[in-house]
Amino acid sequence: MELNVTKISYDLDSNSATTDIPVELGGNDSTTGQYVSARLIIKAEDLDTGKTLDDLTKADIVTIAKAKLVKEVTPSTTTA
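So the sequence shown is numbered by the working numbering: it starts at 16 and just counts up by one.
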């Protein structure tokens, strides 16, 4: 299933610096009827050292959001 980013927005502080980036993703497989809809928030701690949220390009945001989605839905070893 291909995931697409459907919305990117920016939350800013009083100095117009980005505090986080909410991202919405969605995808569906019309042959199986399965779909995914997710909203993730990219924060500074999700970035490589030395990068800020204001440094990110749209492509960077999409890559980080898709990787974060996989991480969030991967069961931990303690999950029954």
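Idealized CB from N, CA, C, for every residue including glycine.
- Secondary structure note for residue 22: its beta strand (DSSP E) is the uninterrupted segment 19-23.
- Rounded to whole angstroms, the Cβ separation of residue 38 and residue 55 is 5 Å, and the two are in contact under 8 Å.
- Three or more Cβ pairs closer than 8 Å define a contact, and the segment 76-87 meets that threshold against the segment 48-67.
- For residue 82, no beta strand (DSSP E) encloses it; the enclosing alpha helix (DSSP H) starts and ends at 73-88.
- A Cβ-Cβ contact shorter than 7 Å links residue 26 with residue 34.
- Taken atom to atom, the span from the alpha-carbon of residue 22 to that of residue 41 is near 10 Å.
- Beta bridge pairing from DSSP links residue 40 with 20, 53.
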